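Using this note's numbering, you'd call the opening residue of the sequence shown number 97 and step up by one each time.
A virtual CB, placed ideally from N, CA and C, is assigned to each residue, including glycine.
Note that the coordinates shown come from a computational prediction; the quantities given were computed from them, not determined experimentally.
The block underneath contains the structure these notes are about, expressed in structure tokens.
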Amino acid sequence: MRIDIIAIFPGMFAPILNESIVKRAQKKGKVKIYIHDLRSYSLDKHRKVDDRPFGGGSGMLMRPEPIFAAVEDVKSKSKNQKAKVILLCPQGEKLTQKLAKKIAKYQHLILICGHYEGVDERVRQRLVDEEVSIGDYVLTGGELPAMVLVDAVARLLPGVLGDKNSLNFESFEDNLLEHPHYTRPANFRGMGVPSVLLSGDHKKIESWREKEALKRTKQKRPDLLG
Ligand code: 9D3
Numbered sequence: 097m098r099i100d101i102i103a104i105f106p107g108m109f110a111p112i113l114n115e116s117i118v119k120r121a122q123k124k125g126k127v128k129i130y131i132h133d134l135r136s137y138s139l140d141k142h143r144k145v146d147d148r149p150f151g152g153g154s155g156m157l158m159r160p161e162p163i164f165a166a167v168e169d170v171k172s173k174s175k176n177q178k179a180k181v182i183l184l185c186p187q188g189e190k191l192t193q194k195l196a197k198k199i200a201k202y203q204h205l206i207l208i209c210g211h212y213e214g215v216d217e218r219v220r221q222r223l224v225d226e227e228v229s230i231g232d233y234v235l236t237g238g239e240l241p242a243m244v245l246v247d248a249v250a251r252l253l254p255g256v257l258g259d260k261n262s263l264n265f266e267s268f269e270d271n272l273l274e275h276p277h278y279t280r281p282a283n284f285r286g287m288g289v290p291s292v293l294l295s296g297d298h299k300k301i302e303s304w305r306e307k308e309a310l311k312r313t314k315q316k317r318p319d320l321l322g
């Protein structure tokens, strides 16, 4: 998968995307990520990318010209792929594991990071295929959401995760929270480990884990059980 990210704070991405799973995915050649500075597409002499809203009101909007220029430039440099243009914005579809799985099937993503009070509506009208939000809380821009989306998608690409955290296992348990986990030591500051986990009886362990997962989901996330 190829991912192009268009942003006004391009420096935010490298420290995050060049670590951990996403770094590994890039090293293995499973994903190629390119960051583009929106300002470099502004023809304005001050490299301005925002302007005041027609009709008045407080706050600034992102001007359409630099965004169109950036997306058209990226598309022209990767002709054979059909890119999906995704705008990160508060009114987008909420990112879920289901949506991440759908997006992971695309060959080429162009992510536009919203900022200020939003983008000129013609960006949505002519340029954007999908709008994505990462949840109902107010952030200062679309950069962090873009990184969240990249992280959620990159780990789903074939060959990115080892067998250890295999995805089959995950989809099996999609609608339950995890059971409690314990590692060594067996006694930590007076706190023990449920004896079933030390019993070596794998049938018993499995049914304990199922029961605990269900109990936990009922307590903390009853919405997941429908
Ligand atoms: C006052 C109205 N606000 C809408 C809720 C305006 C507004 C707030 C924050 C407009 C843009 C932003 C910046 N946020 C994003 O661009 C954003 C975002 C978010 O704030 N929360 C969750 N997901 C996302 S994706 C992009």
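- In the three-state reduction of the DSSP assignment, isoleucine 102 falls in the strand class, which pools E and B.
- For alanine 121 and glycine 153, the gap between their C-alpha atoms comes out near 44 Å.
- If you check the C-beta of threonine 313 against ligand 1, you find no heavy atom less than 7 Å away.
- Inside the stretch 167-221, DSSP marks whole beta strand (DSSP E) runs of 3 or more residues at positions 179-190 and 204-209, from first to last along the chain.
- Rounded to the nearest angstrom, the Cβ distance from lysine 126 to valine 256 is 5 Å, consistent with a contact under 8 Å.
- The alpha-carbon separation between isoleucine 199 and leucine 223 amounts to approximately 17 Å.
- Classified as buried, proline 241 has 16 or more neighbouring CB atoms from the shown chains inside 10 Å of its CB.
- Spanning the alpha carbons of asparagine 283 and lysine 307 requires a straight line of approximately 23 Å.
- For serine 136, the closest alpha carbon among the candidates Glu302, Lys175 and Glu161 is that of Glu161.
- DSSP places glutamate 239 in the uninterrupted alpha helix (DSSP H) bounded by 239-250.
- Contact between isoleucine 99 and leucine 253 is ruled out by a C-beta separation of about 11 Å, above the 8 Å threshold.
- Looking at the DSSP output, leucine 157 bridges to Asp147.
- Where histidine 132 is concerned, the enclosing beta strand (DSSP E) starts and stops at 128-133.
- Rounded to whole angstroms, the separation of the alpha carbons of leucine 321 and valine 219 is 38 Å.
- With a cutoff of 8 Å on beta-carbon distance, isoleucine 101 and valine 145 are scored as not near each other.
- Just so you know, the alpha carbons of glycine 188 and proline 290 end up roughly 44 Å apart.
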